[in-house]
Amino acid sequence: MRREFSAGGVLVRTIRGRAMVAAIRPRGRERVWALPKGHIDPGESAAETAMREVREETGVEGRVVEKLGDIRYVYTARWEGEDGERIFKVVSFFLLRAGRGRIGQIDAEMRIEVAEASWLPLDEAPRRLSYDGERKMAAKALERISA
Ligand code: ATP
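Numbering-wise, the sequence shown is residues 0 to 146 according to numbering that gives the first Met the number 0.
Right, here's the structure in full:
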């Protein structure tokens with residue numbers, strides 16, 4: 000089975016005393032709330048990818064605090080007219096503290112992939128995010144932040 004490696008971030012910022020997390024709605028999957036992530040480029044570390052993808056997909060800079068863990072899933076890639084190849088994917092997630100930038104201020108090219116980027120309360124993310132693995136990463140971030 001083909002393997003794919005991505006990295007992403009649980010980007011956290013305190014707004015009016017409340018811990019918030021940046022989430023996106025990927026275009027074409029508009030009922031989905033997901034964490035920002037993307038493919039690890041050659042020569043890039045997973046932490047570097049997480050920071051780059053977070054900035055590109057949300058418009059907000061993030062600084063890595065620590066690694067939260069890896070999630071794994073299998074999906075079927077569908078190219079036009081073809082049956083689809085099964086892909087085993089590993090995504091490394093990092094806890095990031097938000098720095099400069101305004102959520103949703105993303106360039107035109109990124110808007111093709113991201114329909115919306117928004118802050119969600121971190122304590123609601125373990126149920127509002129769509130994918131189980133990402134919910135676990137948000138729960139882990141919540142534990143770290145509250146510790
Ligand atoms: P990347 O953001 O890493 O560049 P991508 O946008 O190409 O990736 P994915 O987000 O991995 O691709 O989505 C590919 C398929 O896997 C979609 O059908 C999506 O619904 C599903 N998927 C995405 N994230 C998860 C997850 N955490 N658990 C299970 N399935 C997922």
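Glycine included, C-beta positions come from ideal geometry on N, C-alpha and C. Please read these numbers as outputs of a predicted model, since none were measured by experiment.
Which runs of the beta strand (DSSP E) spanning at least 3 residues fall entirely within the region 38 to 94, listed in chain order?
With a minimum length of 3 residues, the continuous beta strand (DSSP E) runs that stay inside the region 38 to 94 are 61 to 76.
Check whether the Cβ atoms of A18 and L121 sit closer than 8 angstroms, and answer yes or no.
yes
When the Cα of P25 is compared with those of V63, R12, G8 and R110, which residue comes out closest?
R110
Measure the Cβ-Cβ separation of P177 and A21 and say whether it is below 8 angstroms.
For residue 177 there is no data in the structure shown, the boundaries of the chain being 0 and 146.
So S117 and I102 are supposed to be a Cβ contact under 8 angstroms. How far apart are they, rounded?
6 angstroms
In the DSSP assignment, what residue or residues form a beta bridge with M19?
Per the DSSP secondary-structure output, M19 pairs in a beta bridge with R12 and P120.
Could you check what DSSP says for A138 in three-state terms: helix, strand or coil?
helix
Would you tell me roughly how many angstroms separate the C-alpha atoms of S145 and G61, rounded to the nearest one?
19 angstroms
Under the three-state DSSP convention, the category S145 falls into:
helix
Local conformation of G153 per DSSP, three classes
No statement about residue 153 is possible, as the shown extent of the chain runs from 0 to 146 and does not include it.
N- and C-terminal bounds of the alpha helix (DSSP H) containing R110
Bounds of the alpha helix (DSSP H) holding R110 are A107 to R110.
Secondary structure of R24, DSSP reduced to three states
Reduced to three states, the DSSP call for R24 is strand.
Quick one: Cα of R51 to Cα of R1, how far?
24 angstroms
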